[in-house]
Every structure is written in structure tokens, then in C-alpha cells.
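Note that the numbering used here has the sequence shown beginning at 9, numbered continuously upward.
From the three backbone atoms N, C-alpha and C, an ideal C-beta is built for every residue, glycine too.
This report refers to the structure that appears directly beneath it.
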Amino acid sequence: MLSIVSTFLYSLLTKRVMLMEITEEMEDLFCEPFPDSTWVLPPDFPIRDFWRFYKDSPESYTKMVENKTIGDDVDISPESLPALVYLHAENVNMHLQNHIFCDDDQRILQKLNWMILRSDSYFTAALFLMPMYEKELSQLFPVKESVFHHLGRYIFQPANPVWQIIERFYKTYFFNADKIIGIQIRIFPQAPVPFEKMYQRILECSEKEKLLPEIGPSNITDATSNPTKHTAILVVSLFSEYFEKIKSTYYENPTLTGEMVAVYQPSHEVHQKTHAQFHNHKALAEMYLLSYCDKIVTTAGSTFGYVSHGLAGSTPWIIRPPSWMYPGNGPACIKSFSVEPCLHSPPILECKGKNNVSDEEIAVPYIKHCEDADSGLKIFG
Numbered sequence: 009m010l011s012i013v014s015t016f017l018y019s020l021l022t023k024r025v026m027l028m029e030i031t032e033e034m035e036d037l038f039c040e041p042f043p044d045s046t047w048v049l050p051p052d053f054p055i056r057d058f059w060r061f062y063k064d065s066p067e068s069y070t071k072m073v074e075n076k077t078i079g080d081d082v083d084i085s086p087e088s089l090p091a092l093v094y095l096h097a098e099n100v101n102m103h104l105q106n107h108i109f110c111d112d113d114q115r116i117l118q119k120l121n122w123m124i125l126r127s128d129s130y131f132t133a134a135l136f137l138m139p140m141y142e143k144e145l146s147q148l149f150p151v152k153e154s155v156f157h158h159l160g161r162y163i164f165q166p167a168n169p170v171w172q173i174i175e176r177f178y179k180t181y182f183f184n185a186d187k188i189i190g191i192q193i194r195i196f197p198q199a200p201v202p203f204e205k206m207y208q209r210i211l212e213c214s215e216k217e218k219l220l221p222e223i224g225p226s227n228i229t230d231a232t233s234n235p236t237k238h239t240a241i242l243v244v245s246l247f248s249e250y251f252e253k254i255k256s257t258y259y260e261n262p263t264l265t266g267e268m269v270a271v272y273q274p275s276h277e278v279h280q281k282t283h284a285q286f287h288n289h290k291a292l293a294e295m296y297l298l299s300y301c302d303k304i305v306t307t308a309g310s311t312f313g314y315v316s317h318g319l320a321g322s323t324p325w326i327i328r329p330p331s332w333m334y335p336g337n338g339p340a341c342i343k344s345f346s347v348e349p350c351l352h353s354p355p356i357l358e359c360k361g362k363n364n365v366s367d368e369e370i371a372v373p374y375i376k377h378c379e380d381a382d383s384g385l386k387i388f389g
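Quick look at the structure:
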């Protein structure tokens with residue numbers, strides 16, 4: 009969803025029509041966003057083997073620049089250019105490729121009729137680094153950190169199978185709640201964190217920021233003048249241990265305020281199953297359920313969390329798992345300074361004939377490094 013929003017914005021800026029290849033696991037996720045039209049690539053499109061395109065493909069723009077198939081002349085005629093170009097906007101060694109986000113290169117790219125773009129990143133922040141798009145982006149987004157919130161709510165409408173999951177869960181468990189608190193816990197396979205250590209972080213964050221109802225003897229004696237409040241806690245995780253621990257805590261103990269607390273977890277799949285359609289349906293439903301929470305707690309570096317708080321238009325509390333990136337003596341969580349997702353793999357911006365930008369924060373005043381990824385970039389303001 010992050011890369012789709014970025015590609016859609018890029019298509020607006022470059023006046024292109026965006027079409028998407030919908031694979032089997034993506035079917036029945038979203039409704040068509042545009043009336044009397046489709047964003048699905050037609051089945052008779054002459055190119056189907058998109059898997060063969062990569063950063064070193066002959067059709068890759070950076071490869072053509074490297075091989076001098078395309079030169080430096082921004083005034084080159086469209087007739088002199090290939091009919092098709094491939095733009096590789098995926099993370100390569102924690103960076104997006106050079107030349108993709110340089111003004112002169114974009115002026116050449118705009119002359120190519122057909123572009124195949126692949127991305128795994130929220131490269132919107134990189135578009136905000138480009139002078140040629142600055143004016144139009146300012147007109148489109150006076151509040152700069154509202155990009156994903158507005159475009160995501162515009163183009164993403166859950167399809168019926170997903171919406172039915174959302175509706176059933178919300179009406180059953182959230183409808184009568186006075187307050188909903190969402191906690192999203194992501195344990196990355198490449199940086200596993202033991203359950204007890206991660207749970208301790210959640211407790212420390214909650215205690216410091218007053219996120220979860222406090223446990224202790226209730227001092228409410230007059231139920232008539234102090235009607236009972238109902239708080240729902242949504243736990244979103246591949247694992248059930250966090251849900252069970254939080255649920256048992258509120259089952260076994262009263263709250264200081266006398267409020268009633270119910271804890272829910274829609275699913276616990278254990279493993280991420282990207283190529284399973286129903287798994288994706290449930291994941292999307294849980295992103296939306298998390299976005300409906302009054303307070304949102306996410307895990308550092310989680311794109312799942314980025315989507316949820318971006319759709320909500322709210323700044324989350326970000327839990328920092330104990331690891332080499334987040335030492336144990338640091339804060340358990342921090343409040344995000346922006347609604348926007350983080351671009352984990354920013355471009356180096358080695359543009360032809362120009363001074364290289366060594367620190368994007370210096371170049372653009374509304375770009376900062378992310379709280380949960382020191383080298384990443386995030387739009388704010």
C-alpha cells in the first residue's frame with residue numbers, strides 16, 4: 009500500500025496513467041477506486057513476465073544511463089528514446105537507486121511513453137526532495153504530512169470480503185466501547201526479540217505515557233455518579249502471547265478508575281503468509297481496525313503500523329524493541345512527530361553535474377530522519 013500510494017502520486021506529478029498487475033494473492037483486497045474505469049492491467053497487455061525486470065535489466069533506466077544508451081541531453085527528442093523504460097524503485101543496500109530522483113533524469117523519463125515501475129518502498133519522501141515537483145506538491149498538500157492519509161483514504165476502499173471482516177469485528181467488539189486502544193506488535197525474523205523483553209517494553213511504554221488503564225484497587229464508590237467506562241484493547245500480532253498476557257492482567261485485576269477492560273485479538277497467524285489470499289484479507293482488515301483506535305501503539309520499523317496510523321491520520325507511540333538499534337537504556341517508546349510513514353531506503357541523490365546532497369534535512373526543511381530508522385526520511389509539517 010505504501011508503494012502504491014507513492015506510485016499513484018508519481019503518476020499524478022508526471023501525468024501518467026497508473027495500471028497495476030494484480031496477482032492472485034491481491035485479488036478481492038480493494039475496490040476499483042475510479043468510477044467507470046479500472047487500474048488493473050488488462051489481461052491482453054503484451055508484457056506479462058514482469059518478474060524478469062530488475063535493477064540490472066537492459067530496460068532499466070539506471071542501466072541505460074550506465075551503458076550510455078541514454079545520454080545527458082535533457083532536450084533529446086522522444087523519437088530517439090526507447091519505447092519502454094523500467095524504473096527500479098526498490099531498496100538496494102538500504103538506498104533507492106541514483107538518478108531516479110534527479111530533475112534532469114526525470115525530464116528525460118517523462119519523454120518515454122511506457123514505464124514499468126517496481127517498488128517496495130514509500131518513496132513519496134524522495135519526491136519531496138525534488139525541486140521540479142516542489143510547487144505542485146505544495147499546492148496538492150498544504151499540510152505536507154497528510155500525503156498518505158489523503159491519498160490512502162482516496163484510492164483504498166476494502167473490497168466486500170475484507171469489509172465484512174472489519175464490520176463484523178467492529179460491531180461485535182468495539183461498537184459500545186468508550187475508548188479503543190490499539191497495540192501492534194511486530195517481531196522481525198532477522199532481529200528476534202524474546203517475548204518477556206518485548207512485553208516489558210510495552211509495559212514501560214504504557215506506564216510512561218499512561219496508555220493502558222492502570223491496575224489497582226478502585227477508588228470509585230458511587231456507581232451512579234461515576235458510570236462505568238468501557239475500554240477495548242486491540243492487540244495485533246502474529247503471536248498470541250501478548251494478547252493472553254494483557255487479557256489475563258485485566259481479568260485478574262481491577263482498574264484504578266473502575267473502568268471495564270476487554271482485550272481482543274482478531275488473529276494470530278504465527279508466520280507471515282504473503283502469498284495467501286485469505287491471510288492478506290485478514291491483515292488488511294486488521295490494518296483498518298487498528299486505524300479506528302483512539303490511541304495507536306506501533307512497533308518501530310513496521311510498515312503494517314505505518315499504514316494503520318497513516319489511514320487514521322494520527323501520530324502513534326512507537327515501541328522500540330530492545331536490539332542493537334535501540335539499546336536497553338533508551339526510552340521504551342517515543343511519540344512520532346509526523347503522521348507520514350518512513351522511507352527506510354532514501355536515495356543518495358548523486359545527480360549529474362550537480363552538488364550531491366549529503367544530508368537531506370539540510371536540503372529540505374520539511375524532511376527529517378525517522379525516529380525508528382536513523383537513515384530513513386519522513387515528511388512533517
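Next item on the list: Helix, strand or coil for H352, going by three-state DSSP, please let me know.
Entry: coil
Checklist line | Complete alpha helix (DSSP H) runs within the segment 158–210 (minimum length 4 residues, chain order) | finding: 168–177
Notebook entry, point to check: Residue range of the beta strand (DSSP E) that V243 falls in?
Noted result: H238 to S245
Margin query: Does Q147 pass the burial test, meaning 16 or more other C-beta atoms within 10 Å, or should it be called exposed?
Written below: exposed
Item checked: Backbone secondary structure at L20 - three-state DSSP -> helix
Checklist line | Three-state class that DSSP yields for V269 in the structure shown | finding: strand
Check: Quick one: is A293 buried, meaning 16 or more other Cβ sit within 10 Å of its Cβ, or exposed?
Finding: buried
Next item on the list: Would you mind listing the alpha helix (DSSP H) stretches within the segment 55–108 that are 4+ residues and don't spill past its ends, in chain order?
Entry: 69–74
Check: Can you give the Cα-Cα distance for C378 and G384, rounded to whole angstroms?
Finding: 5 Å
Note to self: Starting from M123, trace the alpha helix (DSSP H) in both directions and tell me its first and last residue.
What the structure shows: Not the alpha helix (DSSP H): M123 falls in the beta strand (DSSP E), residues W122 to S127.
Note to self: Distance check for S14 and F131, CA to CA, integer angstroms please.
What the structure shows: 6 Å
Next item on the list: Leaving aside the five residues before and after K290 along the sequence, list all residues of the same chain whose C-beta is less than 6 Å from its C-beta, in chain order.
Entry: S275
Next item on the list: Buried or exposed for R115, please, with buried defined as at least 16 other CB atoms from any protein chain shown within 10 angstroms of its CB.
Entry: exposed
Notebook entry, point to check: Who pairs with I387 in a beta bridge, going by DSSP?
Noted result: I375
Next item on the list: Measure the C-alpha to C-alpha separation of A134 and Q105 and round it to an integer number of angstroms.
Entry: 11 Å
Margin query: If I follow the unbroken beta strand (DSSP E) through K303, where does it start and stop?
Written below: K303 to T307
Next item on the list: Just mark Y390 as buried or exposed, buried being the case when its beta carbon has 16 or more other beta carbons within 10 Å.
Entry: Any answer about residue 390 is impossible in this case: the structure gives the chain only from 9 up to 389.
Next item on the list: Quick one: grab the DSSP three-state call for M28.
Entry: strand
Note to self: If we define contact as Cβ-Cβ less than 8 Å, is E249 a contact residue for chain C?
What the structure shows: Among the chains in the structure shown there is no chain C, since it carries only a single protein chain.
Next item on the list: Kindly list the residues whose CB is nearer than 6 Å to the CB of S19, restricted to its own chain and excluding five residues on each side of it in sequence; keep chain order.
Entry: M26
Item checked: Collapsed DSSP secondary structure at C213 in the structure displayed -> helix
Next item on the list: Could you give the DSSP three-state label for V155: helix, strand or coil?
Entry: helix
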